[in-house]
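Going by our numbering, the sequence shown opens with residue 1279, and the numbers climb by one from there.
In this text, a Cβ means the ideal position worked out from N, Cα and C, and glycines have one as well.
Model, not experiment: these values are computed from the prediction.
Encoded as structure tokens, the structure appears first; notes follow it.
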Amino acid sequence: MSSNATRTPVYFVSHGGPNIMYDTGHPAYTRLTALGREVTTKVKPKAILVLSAHWEGTATTLSINSAPSTPLIYDFGGFPAHYYRAKYPHTGSPQLAQSALRLLADAGIPAKPATRGLDHGVWVPFSILFNPETNPLSIPVVQLSIFDSDSGDAHYALGEALAPLRDEGVQIIVSGQAVHNLPDFFASRGSLKPRDYTLTFDEALKEAVEVEPSERKGKMAELLKRGDARKAHPTFEHLLPVFVGAGAAKEDKGVRLWTMCEGSVSWGMFRFGDLPGESVGEKEAGEKITKAEETYKKLLNALDMMNLNIPDRENLLVSAIVRSRELSQAQEIVRLCNTFEIPIWSFSSGGDGDYRAAIPRVPGSIGLGFGRYMNKVLGVNESGEYIVVQPGATYADINQYLVDNGLHQKFEPSWPEYMGESAIGNTAEGNMLTLYRGREIILPNGDLPNTGKIQFPGIQLTTDVLAQNGQLEIKENQRSPSLHYELWDTSIRGPKPSYVSSNAPLNDVELEDIDAYRWRLYGTVHGEKLACNVLCQIIKEEFAQIEGAKISFVGGVQQEPSALSINEPEWTKWTPNGSYFSIMKQRFREAGFDFVGTFTIDQRQMHYVLYIMYERYDDADSSRRVHKLIRTLMSDCAENGWAEYCTYGALMDQIAATREDPDDAMAKVNTAIRDAVDPTGSMEPDRNGIWSTRSDKSVWKRMADRSLVE
């Protein structure tokens, strides 16, 4: 505990890339915002001394910014143009720089003054921590370099030398990344599933920080010698700032405030020392209460994508979540729930969190999660060209398995745009004969029938693993192209405020001013070079007939195969007749939202996907307008005979009702099948709007209607 009640704590923040400034929905953005308010409202420092992974001196000599005013350094590449126009107002302090130089000299650490702007390791997290509009900073900020050295001891000693500044009201902030392996991050093709070393090193760093201060230096040194250290940090510059923070803590204890592992990076954030005036008892009690409330709030927010009113949101909660580690456990859980007639709702990992998440239709259901532990790729049958996976396996897992086993050149699965998607949840969405898959299905009594080719005993894997726990998918030879409306790509390049100052939906004039294509079609050609050349020529000739159309090809890279065969390149027919587009666009504008829509095209079907971008938490009117818009769109679809193929959990009954014929023939068939397979009605009640005879679906339908009152 701090011996001085006014001593400032030391913070380590994981700063991420510059895109975090605009990713306001990312949990790290929320955490940084809260941390900044803690500094300005509780610590209230007189100045800030900051060290970043992105400024290294020499192996033995440091540099410190002694200028009263410096620009920002845009030390990153490949981002949209507006990233390089970002501003962050700040001032320096020659006086603080001189104080730091004196302390370093007293400790025998060579250092010199310099004039240098703030790098993105400082101004990017500071723009969130101390947002100029919502949490402005009115004190000077001085940046000091770290060593161009992998020495943990040297950086720990650097922190110890700076420690006296804390008693003078100076806030020390060190900025890096708890785990930082960018090569693996880019190679993972967007997967956010944590690597093994991300989890192990992130936990080891926590243990080293939180150990007793007398043991901390030794534990920190051991981090650099771990077998996973160079995996977690191919270079140590993003890790060494935490050594500086630990050294500056002196006898004060460290605590991890929060962490989140994404792929090969971790967002760990630490504080060394107590907040001014905070007693140990107050801190521990406050943390217990906060964690309980925070866990409950996070659960509600995670399950409810539309942020319903609290009474209705609680109706969507499971009573417990059970995560099976193996198939036999899942079978036993299902068997028990069926015996005692407890409703059960399964979910897994990956995308489509709206209708495949742990949102039970019947309150109090048991949530059965498959994604946490049952997430392995079990093997590949090379002759049959199929892969056997467990329910939680993602496309990134499949890609890594193929690479690890030398099969990535032989097989070319049709990868989705986001590799973190669940593989099982995104295969064979149609009736094309080229997209077979087989599944193992757990029945209410625990039995396990197999479907597809997996049921034949002659089908074997080429690896020494059992297919018993897995599921099967055939290699996909073609991919679905997508047709994006302008705002889809525009929103990826930058947030709305970077284009216009108004919150109103963009009109046609404003869309023209953005200077982007109104429609953009993404597709690929696949095959031998001569065949690809023929396809490319056909594409050019067809698009040449469209005034203003431009076409470009990306060569020299492995591309995803196209959904259209050589015999069916009817490119000009891809543009819809306008009814979907005009109606949906009108409804969006009536509700006060910008219209964003995408056409995805398969061999025998086309989907029209709408994206509603709105404020979930801070704008009750925004949520109300979203509810009204969704109900209006449902009505429009019913009137025009358009079917929705996925929906929010609380709307399954309403969507199903739009498909019923006068005598409910299809509903009766579905119910009869459910009654035969699931007599107790405990297996996922109302999944896809199908209830058992024993369930009173009118009760739950009324509950859903109350959730969406205008």
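At least 8 Å separates the beta-carbon of F1354 from that of G1430. When secondary structure is reduced to three states using DSSP, Y1361 falls in the helix class. For R1380, the enclosing alpha helix (DSSP H) covers residues 1372-1384. Sorting G1919, Q1449, A1507 by C-alpha distance to the C-alpha of L1553 places Q1449 at the top.
In the DSSP annotation of this structure, S1606 is not part of any beta strand (DSSP E); the continuous alpha helix (DSSP H) holding it starts and ends at 1605-1617.
T1476 places its beta carbon less than 8 Å from that of S1542. Sequence-distant Cβ neighbours of A1869 in its own chain, meaning closer than 6 Å and more than five residues away, are R1903, L1907. The stretch 1414-1484 is shown to contain whole beta strand (DSSP E) runs of 3 or more residues at 1419-1424, 1448-1454, in chain order.
A check of alpha carbon separations from A1943 across A1921, T1958, I1968 identifies I1968 as the nearest.
In this chain, the beta strand (DSSP E) harbouring F1290 covers 1288-1292. Within the same chain, and ignoring the five residues on either side of N1653 in sequence, the residues whose Cβ sits closer than 7 Å to its Cβ are S1627, Q1668, G1670, A1671, D1675. Taking a C-beta distance under 8 Å as the contact criterion, L1501 and L1518 do not qualify as a contact pair. Distance from the CA atom of K1531 to the CA atom of N1683, rounded to whole angstroms, is 45 Å. When the alpha-carbon of H1433 is set against those of Y1362, H1516, H1398, the nearest one is in H1516. Secondary structure of L1535 (DSSP, three-state): strand. With 16 or more other CB atoms across the displayed protein chains lying within 10 angstroms of its CB, D1872 is buried.
By the neighbour-count definition (other C-beta atoms within 10 Å, threshold 16), K1807 is an exposed residue. The closest CA to that of S1900, considering only R1639, A1782, R1650, D1301, is found on A1782. Secondary structure at Y1886: strand, using DSSP grouped into helix, strand and coil.
Distance from D1953 to M1930 at the Cβ level is roughly 18 Å; contact not present, criterion being Cβ atoms closer than 8 Å. Judged by beta-carbon spacing, P1621 lies beyond the 8 Å limit of S1602, meaning their Cβ atoms are not closer than that value. In chain order, N1459, P1461 place their CB closer than 7 Å to the CB of P1512, counting only its own chain and leaving out the 5 sequence neighbours on each side. For R1601, the three-state secondary structure derived from DSSP is strand.
Across the structure, E1604 and R1363 are spaced so that their CA atoms are roughly 51 Å apart.
Proximity to G1551 across Y1289, D1956, E1316 peaks at Y1289, based on C-alpha coordinates. In the DSSP secondary-structure assignment, V1543 is bridged to H1458, E1540.
Y1664 and V1658 have their alpha carbons spaced roughly 6 Å apart. Beta-bridge analysis with DSSP links P1391 to I1342. Beta-bridge annotation (DSSP): F1625 is paired with G1647.
Q1815 is classed as exposed because its beta carbon has fewer than 16 other beta carbons within 10 Å across all chains shown. D1445 and R1867 have their C-alpha atoms spaced approximately 56 Å apart. Scanning its chain for C-beta atoms nearer than 7 Å, with the 5 sequence neighbours on each side dropped, one finds around I1451 the residues Y1289, V1291, I1326, V1328, in chain order.
Judged by beta-carbon spacing, V1420 lies within the 8 Å limit of G1370, meaning their Cβ atoms are closer than that value. If you draw a 10 Å sphere on the C-beta of G1496, you find fewer than 16 other C-beta atoms in it, and that means exposed. Classified as exposed, K1946 has fewer than 16 neighbouring CB atoms from the shown chains inside 10 Å of its CB. Rounded to the nearest whole angstrom, the CA to CA distance from Q1687 to A1465 is 15 Å.
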